[in-house]
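S.K.: Converting from the sequence shown to this note's numbering requires adding 20 to each position, the first position being numbered 1.
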Amino acid sequence: MIFEYLKWRGDISFSHNKFNKIDALILSRMVYIPFDGILEGDGILKNLLEKFLASKKNLKKVIMKEDIELAEILLKSTRFNNLKLSAYVNNIDLKIEKQFSAVVVRIDKNTKIVLFRGTDRTVVGWKEDFNMSFQDHIPAQLESIQYLKKIMEEDDSDIIIAGHSKGGNLAIYSSVFIDEAYKGRIKKVYNFDGPGFNDEIINHSGYEEILDRIETYIPQDAVVGLLLERREEPFVVSSSEKSIMQHDIYTWNIDRTDFVYVNSISKDSQLLKKSVKLWLNSISVEERKEFIDLLFTAISSVNLDIKEIITNWKQGISLLIKTTQEPVLMDMLQKSIKIFLDYNPKK
Numbered sequence: 021m022i023f024e025y026l027k028w029r030g031d032i033s034f035s036h037n038k039f040n041k042i043d044a045l046i047l048s049r050m051v052y053i054p055f056d057g058i059l060e061g062d063g064i065l066k067n068l069l070e071k072f073l074a075s076k077k078n079l080k081k082v083i084m085k086e087d088i089e090l091a092e093i094l095l096k097s098t099r100f101n102n103l104k105l106s107a108y109v110n111n112i113d114l115k116i117e118k119q120f121s122a123v124v125v126r127i128d129k130n131t132k133i134v135l136f137r138g139t140d141r142t143v144v145g146w147k148e149d150f151n152m153s154f155q156d157h158i159p160a161q162l163e164s165i166q167y168l169k170k171i172m173e174e175d176d177s178d179i180i181i182a183g184h185s186k187g188g189n190l191a192i193y194s195s196v197f198i199d200e201a202y203k204g205r206i207k208k209v210y211n212f213d214g215p216g217f218n219d220e221i222i223n224h225s226g227y228e229e230i231l232d233r234i235e236t237y238i239p240q241d242a243v244v245g246l247l248l249e250r251r252e253e254p255f256v257v258s259s260s261e262k263s264i265m266q267h268d269i270y271t272w273n274i275d276r277t278d279f280v281y282v283n284s285i286s287k288d289s290q291l292l293k294k295s296v297k298l299w300l301n302s303i304s305v306e307e308r309k310e311f312i313d314l315l316f317t318a319i320s321s322v323n324l325d326i327k328e329i330i331t332n333w334k335q336g337i338s339l340l341i342k343t344t345q346e347p348v349l350m351d352m353l354q355k356s357i358k359i360f361l362d363y364n365p366k367k
């Protein structure tokens, strides 16, 4: 687990033990810490975390309670606490349905890592994720290109790009579409259980150019990481949890500086992957858009909590069916449930 790794390696600097994929995973979770009003311009992680932890208001903003523990451990970690952070952004735009957040961390004098945050608890953040099923390019993806370009224009540092969930998707997307002049400086792209892409992006020449530098990791009961398509073959990681809860990277099993791997995704995930593909093939792009628009309008109207929907999706769908009177949404929900009927995650 992440915390065990930090206890084992937290006192060893990158100059003595080089940056690795577990460090990238940790920083991909660190980017979820809300630095709004704390990080303006540049800042040292230790100082930023001290300010964050000193405010009860800030602590209430975290997505997961483990993020507070992570902040406390990173504060004391000589491996991480002197890292320099910059270019923090957190942009929410309800009108265009965009949720985008990122930060840059300088690992050493020659290397920066660009970190894209995954989806937060906002309805608009999750709506944007679902929009990937019918939009070729969502707003956060488009902003990720401009963000990466701006960072690469600052100096000639080598670049690593990383992110978890939607952040992993943005990491790959930005590396695919960044100007050719910058591509050679990208040394590695880490995608931790981020969704894939549609055929237009999969077949883009830029994907082929960056393919040998992409590393995608998904848990054995993957859900998010199986959505849509990808070119790279993902590594499958063992987790201490089950089903959708494996999306939580705090549950991923780690052995020293690497993950604990399994041979393939579970039978449940294999079935889910087929069900999602069947759903996408059975419903037109126009129907997907209408369904998702109506679905999130319904979610907003009944004040459903996004986290509760994810952890108990059957109950969430049941509540939607009971409360909505929209016939198109009802029809699409029933059609979707029928397609996914065979997908029954283990309890």
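All C-beta atoms in this analysis are idealised placements derived from N, C-alpha and C, irrespective of residue type, glycine included.
Which one of E174, D176, Q166 has the shortest CA to CA distance from S194?
M.R.: For this step, residue 194 is matched to residue 174 along the sequence shown. Per the Cα distances, Q166.
S.K.: Would the stretch 115-122 count as touching the stretch 76-90 if we require 3 or more Cβ pairs under 8 Å?
M.R.: no
S.K.: Rank T317, F316, E306 by C-alpha distance to the C-alpha of Q155 and give the top, closest one.
M.R.: To locate residue 155, count along the sequence shown from 1; it is residue 135. Q155 has its Cα closest to that of E306, out of T317, F316, E306.
S.K.: Just the Cα atoms here: how many angstroms apart are E228 and K207?
M.R.: On the sequence shown, residue 228 is found 208 positions in, with the first residue counted as 1. On the sequence shown, residue 207 is found 187 positions in, with the first residue counted as 1. Answer to the nearest angstrom: the Cα atoms are 15 Å apart.
S.K.: Considering D219, what are the terminal residues of the alpha helix (DSSP H) in which it resides?
M.R.: Reading the sequence shown from its first residue, position 199 is the one you call residue 219. Segment 219-222, the alpha helix (DSSP H) holding D219.
S.K.: Short of 6 Å in beta carbon distance, which residues of its chain neighbour N381, apart from the five on each side in sequence? Order them along the chain.
M.R.: Shown here, the chain extends from 21 to 367; a query on residue 381 therefore has no answer.
S.K.: Between Y281, S33, I274, which has its C-alpha nearest V257's C-alpha?
M.R.: Here the question's residue 257 lines up with position 237 in the sequence shown. Here the closest residue by C-alpha is Y281.
S.K.: Among Y270, A44, T317, whose alpha-carbon lies nearest the alpha-carbon of I370?
M.R.: Residue numbering for the chain in the displayed model covers 21 to 367; residue 370 lies beyond these limits and cannot be assessed.
S.K.: What residue range does the alpha helix (DSSP H) around S106 cover?
M.R.: Walking along the sequence shown from the start, residue 106 turns up at place 86. Not the alpha helix (DSSP H): S106 falls in the beta strand (DSSP E), residues 104-113.
S.K.: Just how far apart, CA to CA, sit R205 and L314?
M.R.: Translated into the one-based positions of the sequence shown, residue 205 becomes position 185. Translated into the one-based positions of the sequence shown, residue 314 becomes position 294. Taking the straight line joining both Cα atoms gives about 43 Å.
S.K.: Out of curiosity, what's the CA-to-CA distance linking N151 and A74?
M.R.: Within the sequence shown, numbered from 1, the residue matching residue 151 stands at position 131. Within the sequence shown, numbered from 1, the residue matching residue 74 stands at position 54. A direct Cα-to-Cα measurement between N151 and A74 gives close to 37 Å.
S.K.: Could you round the C-beta distance between A242 and N211 to whole angstroms and report it? I think they count as a contact, below 8 Å.
M.R.: Taking the first residue of the sequence shown as position 1, residue 242 is located at position 222. Taking the first residue of the sequence shown as position 1, residue 211 is located at position 191. The Cβ separation is near 12 Å, so there is no contact.
S.K.: Please report the distance separating the alpha-carbon of R29 from that of F316.
M.R.: Within the sequence shown, numbered from 1, the residue matching residue 29 stands at position 9. Within the sequence shown, numbered from 1, the residue matching residue 316 stands at position 296. F316 has its alpha-carbon roughly 43 Å from the corresponding atom of R29.
S.K.: Ordered along the chain, which non-local residues of its own chain (more than five positions away) have a Cβ less than 7 Å from that of S69?
M.R.: Within the sequence shown, numbered from 1, the residue matching residue 69 stands at position 49. The identity of residue 69 in the sequence shown is Leu, whereas the question assumes Ser. These residues qualify, in order along the chain: A91, L94, L95.
S.K.: Could you compute how far the alpha carbon of M265 sits from the alpha carbon of G63?
M.R.: Taking the sequence shown and counting its residues from 1, the one referred to as residue 265 is at position 245. Taking the sequence shown and counting its residues from 1, the one referred to as residue 63 is at position 43. Taking the straight line joining both Cα atoms gives about 33 Å.
S.K.: Let me check understanding here. Comparing Cα to Cα, which of T131, L291, L59, E86 lies closest to S35?
M.R.: Taking the sequence shown and counting its residues from 1, one reaches residue 35 at position 15. Cα-wise, what sits closest to S35 is T131.
S.K.: Rounded to whole angstroms, what is the Cα-Cα separation between H224 and D56?
M.R.: For this step, residue 224 is matched to residue 204 along the sequence shown. For this step, residue 56 is matched to residue 36 along the sequence shown. If I take the Cα positions, the gap works out to 35 Å.
S.K.: Taking only the alpha-carbon atoms, compute the straight-line gap between I46 and V109 and give it to the nearest angstrom.
M.R.: Along the sequence shown, one-based indexing puts residue 46 at 26. Along the sequence shown, one-based indexing puts residue 109 at 89. For I46 and V109, the distance between alpha carbons rounds to 19 Å.
S.K.: How many Å lie between E200 and G183 at the Cα?
M.R.: Mapped onto the sequence shown, residue 200 falls at position 180. Mapped onto the sequence shown, residue 183 falls at position 163. Straight-line Cα distance between these residues: approximately 22 Å.
S.K.: Name the residue from K41, L105, W299, K129 whose alpha carbon lies nearest to the alpha carbon of I53.
M.R.: For this step, residue 53 is matched to residue 33 along the sequence shown. Measuring from the Cα of I53, the nearest candidate turns out to be L105.
S.K.: In the DSSP assignment, the beta strand (DSSP E) including R126 goes from what residue to what residue?
M.R.: Within the sequence shown, numbered from 1, the residue matching residue 126 stands at position 106. Unbroken beta strand (DSSP E) run through R126: 118-128.
S.K.: Alpha carbon to alpha carbon, how far is G188 from E235?
M.R.: Taking the first residue of the sequence shown as position 1, residue 188 is located at position 168. Taking the first residue of the sequence shown as position 1, residue 235 is located at position 215. Spanning the two alpha carbons is a distance of roughly 10 Å.
S.K.: Going by alpha carbons, who is nearest to S304 out of T98, S153, I88, E86?
M.R.: Looking up residue 304 in the sequence shown gives position 284. Closest by alpha carbon: S153.
S.K.: Within this structure, are the beta carbons of N218 and L247 separated by less than 8 Å?
M.R.: What you label residue 218 is simply residue 198 of the sequence shown in a count that begins at 1. What you label residue 247 is simply residue 227 of the sequence shown in a count that begins at 1. Not a contact, by the Cβ cut-off of 8 Å.
S.K.: In angstroms with no decimal places, state the Cα-to-Cα distance between R251 and R308.
M.R.: Position 231 of the sequence shown, counted from the start, is the residue given in the question as residue 251. Position 288 of the sequence shown, counted from the start, is the residue given in the question as residue 308. Rounded to the nearest angstrom, the two C-alpha atoms are 24 Å apart.
S.K.: Within this structure, are the beta carbons of I83 and D140 separated by less than 8 Å?
M.R.: Taking the sequence shown and counting its residues from 1, one reaches residue 83 at position 63. Taking the sequence shown and counting its residues from 1, one reaches residue 140 at position 120. Yes, the pair counts as a contact, with Cβ atoms nearer than the cut-off.
S.K.: Using only alpha-carbon positions, find the residue among E220, I230, F255, A107 that is nearest to Y237.
M.R.: For this step, residue 237 is matched to residue 217 along the sequence shown. Looking only at E220, I230, F255, A107, the smallest Cα-Cα distance to Y237 is reached by F255.
S.K.: At 3 residues or longer, what runs of the beta strand (DSSP E) sit wholly inside the stretch 225-286?
M.R.: 234-239, 255-257
S.K.: Which ranges does the beta strand (DSSP E) cover as unbroken runs of at least 3 residues, wholly within the stretch 34-87, from first to last along the chain?
M.R.: As far as the stretch 34-87 is concerned, its whole beta strand (DSSP E) runs of at least 3 residues are 62-64.
S.K.: Give the single residue among E261, H157, S97 whose Cα lies nearest to the Cα of N67.
M.R.: Within the sequence shown, residue 67 is the residue found at index 47, counting from 1. Nearest option by C-alpha distance: S97.
S.K.: Should K170 go down as buried or exposed, given a rule of 16 or more other Cβ atoms within 10 Å for buried?
M.R.: Counted from its first residue, the sequence shown places residue 170 at position 150. Looking at its Cβ environment, which holds fewer than 16 other Cβ atoms inside 10 Å, K170 is exposed.
S.K.: Where does F154 sit, in a helix, a strand or coil, going by DSSP?
M.R.: In the sequence shown, residue 154 corresponds to position 134, counting from 1. DSSP places F154 in coil when its eight states are reduced to three.
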